[in-house]
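Note sheet for the following structure.
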Amino acid sequence: EYFIFLIRKAQVHAHYIMSVVGIDVGFQNCYIAVARSGGIETIANEYSDRCTPACVSLASKNRTIGNAAKGQIITNFKNTIHGFKKFHGRAFDDPYVQREKPMLPYSLHKLASGNTGIKVRYLNEDKVFTIEQVTAMLLTKLKETSESALKKPVVDCVISVPSFFTDAERRSVMDATQIAGLNCLRLINDTTAVALAYGIYKQDLPTPEEKPRNVVFVDLGHSSFQLSISAFNKGKLKILATAFDPYLGGRNFDEVLVEHFCEEFKARYKLNVKENPRALLRLSQECEKLKKLMSANCSDLPINIECFMNDIDVTGKMNRVQFEELCASLLMRVEAPLKAVMEQSKLSRDEIYAVEVVGGATRIPSVKERISKFFGKDVSTTLNADEAVARGCALQCAIMSPAFKVREFSITDVVPFPITLRWKSPTEDGVGECEVYSKNHPAPFSKVITFHKKEPFDLEAFYSLPQELPYPDIRIGHFSVQNVVPQPDGDSSKVKVKVRVNVHGIFSVSSASLMEKQKGEGEDVQMDIEPTVQNEGRPEDQGNYTSICMSCESLRTIIRVGTNLSKMFPTKEGVPGEKQDPGAGGSKPKVKVKSTDLPILANNIRQLDRGVLNDFVEYEGQMIIQDKLEKERNDAKNAVEEYVYDLRDKLCSIYEKYTTEEDSNRLTLMLGDTENWLYEEGEDQAKQVYVDKLDDLKRFGQPIQDRYREHEDRPRAFEEMGKKIQLYMKAVELYKHKDEHYQHLSAEEMSSVEKCVNESMAWMNSKMNAQNKLTITQDPVIKVADIISKIQELDGICNPVINRPKPKAEEVLEENERSNGAHNGPRQGSDGKGDAKGCSQTKPPSGEMEID
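Note that the sequence shown covers residues 1 to 852 in full-length UniProt numbering.
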C-alpha cells in the first residue's frame, strides 16, 4: 500500500506501543480497525465476523455482549439493550427520548440527575444503568476483541461520533471510555474519519499552492444522515462544511415496512402485532432483511414468518416499486441536507470533484439516485460502506500515536454549531456576550479573551442558534473565574481567559491568568480578544494551523459602562502578526507584567461527577470479574457434559476391548447418572462441584483411555528405539572393521557406545516380553513416555560420539607431531639429532613458504 507505517527506531515507552485502534461505535453495529502489517486492517470477533452488534444483554448470572446478545433480543427482550447510542447526554424528559420510549422493548428510567437510565434485571435484582455504563459495557467487549486479535493490551484508541453530537453528548461518550478503561485520544466525527480514510491514500492530490480538490462525503447509516464537504491538498484535509438530518436513517425505512405489514397482518390474520413486543421484534428483523434484498432485486419478494403469533404462520410480499412509494416522504428528506452543505460551503456543483457515499442505507437504489441527481454526477462507492469510519479512526490513532511515524497529513475539522460566551460581574449592572466560535469555525482551536475586572466573575457558554440544534438544551456549561482582585492602585485587573474547542469537539474554559502591572499604566479597555492557536498533535505539525483574528467589532454587547470603565474599541493588540512600536508616542513607559494562574470552577451540563464516575469504573470491574467467573463455571460444566458424551460413545467403539465387561457396565451406569444429574440437581452448581465431578469420572475413565493410547503408540515407540539400536550397532561394527569414517574415534569411546547399546537392547527385550504376558485390559508395565526417555538417554550417550566429524589434515599432523615428540622419542636408526634436523626440514623458513 501507498500508506506505510514506519516504526520509529527510538525507544518508545511501553504505554504508547500497546495499541493503535480505531472504533466505530454505531447505532446498530460496531467495527474495529487496527494498524498493523504496514497498513489498516478491520479485525473479526470470536464469531469470525468483522461486524459486532451494539447489543448488551443482562441475565441472572452474567452479561452477554455483541453477537451473543443479538441472539437474545427476542428471547430476553426486556433485558437486552440496543439502539441506545442517541441517549447519550440526554435528559429523560428530552423529546427524542420520549418519542423512542414507546418503541423500545426495555424500560427507560429517570435518574436522580434527570438523565436517562435503563432499567433491567441483572443478577436477580432490578438494576438501573446509565447510558455511559451501557456504552462502557459495549466498549469493554470491543476492547477484549481487539486484545484477542492483537495479542497485547489495548488502551489508546480513537472513537467515532456523529458530527451533530453536542458538547454534553461528547462528554458522555468520553465518560464511557473512561469507565471501560480506554484512553480515547480523539473523538472524531464520522464524516471526518471517512474523509481521512479517503484522502491519505491519494497520490494525485493537488499541491498546497494549487486549488484544492473538493469531495462530498455522504453517510446514511442506520439512524442518521450526515454529510460534509472536504477540501484536499497534498498532505492536508480541511472540512469546509457539514450538514445532517439526525433522525433519518435506514431504520426509518425498516419502520415503514413494519407499519405496512402490521396493517396487512391485522386485516388478513386479525393479529395486533404492536401489542406483542416479541412478535414486533421478529417482524422488524424480517423487514430489515427484506429491505436489503430489495436493494438488489426488482421483483416481488416474499416475507414468511412461522408461528408468528398464536401459532399462526404469516406471509406477505413486497417489491421495490411499492417500497419506494411507501418511502416517498423519507426520500424527500434526503435533499435538504445536500442543499444546506452546498450553501454553507459556497461552492458550485461544478467545483465538486466527487461524491463518495458510505453507510448501509446508501445501498438503497432510490437514495443513490437522488444524491446523484442533485450533484449531477454519478456517486462513487470506492470506500467500504461499512468499515470506512473505523479505518479512518485507526488512521487518526496512528497519526497521534508516538509508536508510529505516519506520512504527514494534517486534519482541520469544524465546529458544527456556533458557540457564544456570556459574562456578568456581581457589581456590574449589565451583561456582555460574544460569539467566540461561528458555525464551521476551524477546530481544534483556542482563543484568549481579555477582561478587566476587579473581582471574581462568571462565564456562561451556550449554543447561539437553538433552531439549528438537534438537542433541546442550548447550555454548554457555567465557568466561574476565582481569586480576581483589583490592582494595588484600585484599577481593574487584566484577566486573560483561554477558551478552547479541543480535538474531541468539546468546549472548555481551559485557563485564566491575572496580569498584575508592576510599573506604568495600561490601556483602560473592558475586553479585547487575542486569538491563539495550539495544535494538540505532534510537534512537527504545529505549523499546520492558521491564526484567525477576531476583532472586538464582532462582539454583540449589551454592556452599560460604569464610571471607572471606558467603552470597548478594537486595537491592533489582538491582530496576530502585527507588533506595536514600543517607541511610538514616546509617552508610555514600559510595563512589567506578572502573570498569576487563577482557579476555574467548571459546571458542565449533564457531566458525571468524578466520584460517580469512579464508582462506575469500580462496578464495571466487578461485572467483568463476574462474567469471567461465570464463564469459568460454564466451561467446567460443559467439560463434564462433553466428557460424558465422549466417553460413552468410545466405550462402545474404540475403547471396548480395553476394558472388562464388568468395568464397562459400571462406568456406563455412572455416566448415565452424571448426565441426569447435569439436567436436574447439577443444573446450577458452583465451578468446584463440576471440577470434582469430572475428577470422579476420570478416576474410572482415564485408565481405559491410557491403555488405548499406550497400546496404539507403544509399537511405534519400540520400533523407533529398535532403529536407533541398529544404527549405533552398525557404527560399532564398522569401527571394529577399521572403517575410515570412525577411525578418528578412540577405543574407550566406542566401548562406552557398545555398552550402552547392549544395555538398551536388553532393556527393550525385557520390557517387551513382560508386556506381551499381559492382556490389553490390564495396565501396561511400560509406558510410551518411558520408552521415549530411554531413546533420549541412548541418543545422549551415543550420538555425540558417532557423529563427531573427523579432524582436518593439519590438525592430525600437529597432533601426531606433538604425540611423537612427547612420547615416542627418537626414531629408529637415528640419534635424536637427525630427528631434530628432519623436523627442521619439514618446516622451511617463513621466507621460503609458498601458499596456494
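For every residue, glycine included, the Cβ atom is placed at its ideal position computed from N, Cα and C. Since the structure is predicted, the reported quantities are computational estimates derived from the model, not experimental observations.
Range of the contiguous beta strand (DSSP E) that encloses residue i
i       : result
His-441 : 441–443
Met-721 : Taken as a continuous stretch (DSSP letters only), Met-721 belongs to no beta strand (DSSP E), being part of the alpha helix (DSSP H) at 687–736.
Val-154 : Taken as a continuous stretch (DSSP letters only), Val-154 belongs to no beta strand (DSSP E), as it is neither H nor E.
Ile-40  : 39–42
Tyr-31  : 29–36
Gly-250 : Taken as a continuous stretch (DSSP letters only), Gly-250 belongs to no beta strand (DSSP E), being part of the alpha helix (DSSP H) at 250–269.
Lys-291 : Element bounds for Lys-291: not the beta strand (DSSP E) but the alpha helix (DSSP H), 277–294.
Ser-595 : 593–597
Glu-433 : 431–437
Boundaries (first-last residue) of the alpha helix (DSSP H) holding residue i
i       : result
Cys-756 : 747–772
Met-670 : 661–679
Glu-620 : 610–651
Ala-394 : 388–400
Lys-373 : 365–375
Ile-802 : 784–802
Burial state of residue i (16 or more Cβ within 10 Å)
i           : result
Pro-582     : Here the model assigns Pro-582 a pLDDT of 43, short of 50, so the residue's position is not dependable, and the following value carries that caveat. Answer is exposed; the Cβ neighbour count stays below 16.
residue 853 : Here the chain has residues from 1 to 852 only, and residue 853 is not among them.
Ser-148     : exposed
Tyr-31      : buried
residue 892 : Residue 892 is absent from the model: the chain starts at 1 and stops at 852.
Ala-388     : buried
Tyr-690     : buried
Thr-659     : buried
Pro-53      : buried
Ser-60      : exposed
Asp-49      : exposed
Ala-785     : exposed
His-82      : buried
Met-342     : buried
Cys-307     : exposed
Cys-397     : buried
Asp-313     : exposed
Cys-652     : exposed
Residues that DSSP places opposite residue i in a beta bridge
i       : result
Cys-55  : His-82
Arg-500 : Ser-446, Ser-508
Lys-101 : DSSP lists no partner for Lys-101.
Met-318 : Leu-301
Asn-310 : The partner list for Asn-310 (beta bridge, DSSP) is empty, contrary to what the question assumes.
Ala-112 : Bridge partners of Ala-112: none, in fact.
Phe-217 : Ser-228, Glu-356
Arg-475 : Phe-462
Distance between residue j and residue i (C-alpha atoms, nearest Å)
i       : j       : result
Arg-90  : Asn-440 : 24 Å
Ser-464 : Glu-632 : 54 Å
Phe-700 : Arg-714 : 22 Å
Val-321 : Asn-252 : 17 Å
Trp-763 : Glu-720 : 14 Å
Ala-584 : Gln-203 : Bear in mind that the predicted position of Ala-584 carries a pLDDT of just 43, short of 50, making it unreliable; the figure below should be weighed with that in mind. Approximately 51 Å, taken between the alpha carbons.
Lys-843 : Ile-788 : With a pLDDT of only 43 at Lys-843, under 50, the local geometry of the prediction cannot be trusted, and no value is derived from it.
Lys-291 : Ala-328 : 15 Å
Ile-776 : Thr-145 : 48 Å
Ile-364 : Val-357 : 11 Å
Pro-105 : Cys-55  : 13 Å
Ser-752 : Ala-770 : 27 Å
Leu-347 : Thr-596 : 47 Å
Leu-237 : Ser-299 : 43 Å
Cys-765 : Asp-635 : Note that residue 765 is Asn in the sequence shown, not Cys. If you take the alpha carbons of Asn-765 and Asp-635, they lie about 45 Å apart.
Lys-94  : Asn-115 : The question names Lys, but residue 94 is Asp in the sequence shown. Taking the straight line from one Cα to the other gives about 9 Å.
Ser-511 : Gly-249 : 40 Å
Closer than 9 Å to chain B by CB, residue i
i       : result
Leu-220 : In the displayed structure, chain B is absent; only one protein chain is listed.
Any non-hydrogen atom of the ligand COA within 8 Å of residue i CB
i       : result
Asp-491 : Among the components of this structure there are no ligands whatsoever, and the ligand COA is therefore not found.
Original post:
Counting pairs of Cβ atoms below 8 Å between the stretch 735–745 and the stretch 794–810, do you hit three or more?
Top reply: The stretch 735–745 is in contact with the stretch 794–810.
Original post:
Does the pairing of the stretch 610–624 with the stretch 658–667 give three or more beta-carbon distances under 8 Å?
Top reply: The answer is no - the stretch 658–667 does not touch the stretch 610–624, with fewer than three Cβ pairs under 8 Å.
**OP:** Determine, using beta-carbon pairs with one atom in the stretch 288–303 and one in the stretch 56–70, whether at least three such pairs fall under 8 Å.
**Re:** No, they do not touch.
Original post:
Looking at C-beta atoms only, is the number of pairs between the stretch 723–733 and the stretch 677–688 that lie closer than 8 Å three or more?
Top reply: Counting C-beta pairs closer than 8 Å gives fewer than three between the stretch 723–733 and the stretch 677–688, which falls short of the contact rule.
Subject >> Cβ contact (3+ pairs, closer than 8 Å) linking the stretch 152–164 and the stretch 391–406 >> reply: A contact exists between the stretch 152–164 and the stretch 391–406.
Subject >> Three CB pairs or more closer than 8 Å across the stretch 452–460 and the stretch 474–486 >> reply: Taking 8 Å as the limit for Cβ pairs, the verdict is that the stretch 474–486 does touch the stretch 452–460.
**OP:** Inspect the CB distances between the stretch 371–379 and the stretch 168–182 and report whether three or more fall short of 8 Å.
**Re:** A contact between stretches requires three or more CB pairs, one per stretch, nearer than 8 Å, and the stretch 371–379 fails this requirement with the stretch 168–182.
Original post:
Do the stretch 333–341 and the stretch 196–213 make contact, defined as three or more Cβ pairs closer than 8 Å?
Top reply: Touching, no, given that fewer than three Cβ pairs across the two stretches are closer than 8 Å.
Subject >> Given 8 Å, three or more beta-carbon pairs between the stretch 181–193 and the stretch 501–516 >> reply: Between the stretch 181–193 and the stretch 501–516 there are three or more C-beta pairs closer than 8 Å, enough to call the two in contact.
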